[in-house]
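The next block holds one structure in the form of C-alpha cells; read it before the comments.
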Amino acid sequence: MTDTRLSFKEMCTKFDVTPRTLRYYEYIELLHPERSGRSRFFGPKEVARMTLIMRGRRFGIKLEDIRQWLLIYEHEGTSAQMQAFVDMADRQYAELEEQRLALEEAMRELKELRDETAAFLVKDKG
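The sequence shown maps to residues -2 to 123 in our numbering.
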C-alpha cells in the first residue's frame, strides 16, 4: 500500500505556498496535519481542505470566512456547507463587482490624464 500522505515540503510544493503560509494555516486551524515526532503529514482530507482554501483565496475570500465555512461541514454537513458557500460566493461576487467598477473608473481617469498630458507635450513642442 502506498502512502497517500504528503510531507510538509510536498504540501508546500503541491500548492505553491511558503512554509510560513502552511504553518499559519495550521495555526489558525484551517489545517490539521497528522504529527509523527516533529514531522507533519497531510492526508487526503487535508489536501482537499487546502484545495478549497486556495480556491477561496483566489476569489479573495477572507481566511476567517473560509475557516467558518469549513467548520460548517464538520458540524452541520454538506447541504449546510453548500448553502453557506452560495451565500459567501454571492457576497464575494458583489464585492468583486464593486472592485471591478472602481478599477475601470481609475483606469479611465488615468488614461484621460495621460492623454491630456501627452497632448500638452505635443502642443508645447510645436
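Yeah, the Cβ is synthetic: ideal placement off N, Cα and C, and Gly gets one too.
Considering only DSSP beta bridges, list what residue i is partnered with.
| i | result |
| --- | --- |
| PHE38 | SER4 and GLU31 |
Alpha carbon to alpha carbon, what distance is there between residue j and residue i?
| i | j | result |
| --- | --- | --- |
| LEU118 | ALA103 | 22 Å |
| LYS42 | ALA86 | 22 Å |
| TYR90 | MET8 | 29 Å |
| GLU113 | LEU98 | 23 Å |
| ARG111 | GLU101 | 15 Å |
| LEU107 | ASP121 | 21 Å |
| VAL14 | ALA116 | 46 Å |
| PHE5 | GLU94 | 36 Å |
| GLU73 | VAL83 | 15 Å |
| MET(-2) | ARG105 | Since pLDDT at MET(-2) reaches only 46, below the 50 mark, its modelled position is unreliable, and no value is offered. |
| ARG35 | GLU61 | 27 Å |
| ILE50 | GLN78 | 14 Å |
Less than 8 Å between the CB atoms is what I'm expecting for residue i and residue j, so what's the real figure, rounded?
| i | j | result |
| --- | --- | --- |
| ALA45 | TRP66 | Actually they are not in contact, since the Cβ atoms of ALA45 and TRP66 sit about 13 Å apart, beyond 8 Å. |
| ARG3 | LYS11 | A quick correction: the sequence has Leu, not Arg, at residue 3. Sure, about 6 Å apart at Cβ, within 8 Å. |
| LEU27 | ILE58 | Contact doesn't hold; Cβ gap of about 12 Å is too wide. |
| GLU23 | PRO16 | Actually they do not touch by this definition, with Cβ atoms about 11 Å apart. |
| THR1 | GLY40 | 7 Å |
With 8 Å as the threshold, decide whether the Cβ of residue i is near any Cβ in chain D.
| i | result |
| --- | --- |
| MET47 | Protein chain content of the structure displayed is limited to a single chain, and chain D is not contained in it. |
Ranges of the alpha helix (DSSP H) found wholly within the segment 44 to 75, counting only runs of at least 4: 60 to 73
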